[in-house]
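One line per chain: the protein sequences are Y and H, in this order.
Per my numbering, residue 154 is the first one in the first sequence, and the count goes up by one each step.
Per my numbering, residue 154 is the first one in the second sequence, and the count goes up by one each step.
Number of protein chains: 2
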Amino acid sequence: MSKGLNRLKKILHHEGLRFTTQREAVWREIISSDDHRDADEIYMAIRKKGVSVSRATVYRTIDVLVKNNMVRKLDVGTGPSKFEHKIDTYHHDHIICIQCGRIEEFMVDQIEDLQDKVTQEYGFKLVRHIHQLFGLCKNCQ
Amino acid sequence: MSKGLNRLKKILHHEGLRFTTQREAVWREIISSDDHRDADEIYMAIRKKGVSVSRATVYRTIDVLVKNNMVRKLDVGTGPSKFEHKIDTYHHDHIICIQCGRIEEFMVDQIEDLQDKVTQEYGFKLVRHIHQLFGLCKNCQ
DNA sequence: TTCCTTATTGAGATTGAGTCTCAAAGAAAT
DNA sequence: ATTTCTTTGAGACTCAATCTCAATAAGGAA
């Protein structure tokens, strides 16, 4: 049994949505790798494995997964958004190489705490954040 | 004499670009307000003032300004990018209300320092960063 | 000033990511 | 098995942004 499949079923049920071949395939494809891939890459990978699915369905399913915290959407500044699953992972942010596109993950508790503090100071209720460091990786400098 | 106009002229000259009515108008429009506006809002404002300009030129000019550090591009997660001038301002990041779109600016030295540290640890050379807190403002909670 | 070279402009076409439409196919409840 | 209601998919569409290319304008030379 694939990781998180039950959780997916519960979520779909909870939202009054149906568990379908396509939705299962999208989820399986996303957890099959820890890479940061865009919707089209995920779409192509599913088709290559012989499952019939459309781009529209891939986008629609990813939306559900993102809303339900099983997948994270990553805006990398240029080109399509990328996605990563959130199974067995901790929260992290990203360092992105503006030359080769390489993506590294980082996490600093202190920064997270300071964020919370700032948000409170401004009277906001924090829902999510984007913290991305763009630069040149070792190889590209 | 409008703020930064000389700097704009120098930049254009340095890049082998010409100082034109349109480029001047775009710059004047952008520094005329501290708001965060998108390209179309800037375009409309210029036209309203009677200067003839096209959307293409507005986009092209903003690109030059962003590349030369006179204007900052702000990806607010949904819809068109927004822009703000960088004259007489200090570096800051943004808290954005996901309900009403209100944007507040914040700056925490400690976070900036931690960012530098993280980047170094990963062997990257930091070029720029995005740090955006999305949430609900006081009014929208 | 006028000439001349080269950059710029603008209207509209194009791109690209993502969303929408709607008829046909498929879940799930009874 | 029947009914009901959701989902799917091909392709149309949206929207921000970029590109095209003929007409226009900048600005250096003389």
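Here a beta-carbon is modelled for each residue, glycine too, at the ideal position from N, C-alpha and C.
Under the Cβ criterion of 7 Å, Y/L289 is counted among the residues facing chain H. Look at H/G276: its C-beta is under 7 Å from a C-beta on chain Y.
Taking 9 Å as the Cβ-Cβ cut-off, the stretch 207–237 of chain H approaches chain Y at D228 and G230, given in chain order. The beta-bridge partner set that DSSP reports for H/G157 is empty. With a 10 Å radius around the Cβ and a threshold of 16 neighbouring Cβ atoms, Y/C253 comes out exposed. Between H/F259 and H/R190 the beta-carbon gap is near 20 Å, outside 8 Å, which marks them as no contact. Counting C-beta pairs closer than 8 Å gives fewer than three between the stretch 213–229 of chain Y and the stretch 255–273 of chain H, which falls short of the contact rule.
The alpha-carbon separation between Y/E168 and H/E194 amounts to approximately 38 Å. The Cβ-Cβ distance between Y/L286 and H/H282 falls below 7 Å.
Comparing alpha carbon positions, the residue from H/I248, H/G276, H/Q273 and H/K162 closest to Y/Q273 is H/I248.
With its beta carbon at least 7 Å from every one in chain Y, H/R171 lies outside the interface. The shortest C-alpha to C-alpha distance from H/R176 to any of H/T231, H/Y275, H/D241 and H/Y212 is the one to H/Y212. H/G288 and H/T242 have their C-alpha atoms spaced approximately 24 Å apart. Contact of H/L267 with chain Y by beta-carbon distance below 9 Å involves V261, Q263, I264 and L267. Y/R171 carries a coil assignment under DSSP once its states are collapsed to helix, strand and coil.
Close partners of H/Q294 in chain Y (Cβ separation under 9 Å): G276, F277 and K278.
A Cβ-Cβ separation of about 33 Å leaves H/G157 out of contact with H/I251 under the 8 Å criterion. Along the stretch 242–257 of chain H, going in chain order, the ones with a CB nearer than 8 Å to a CB of chain Y are I248, C250, I251 and E257. The beta carbons of Y/V204 and H/L267 sit no closer together than 7 Å.
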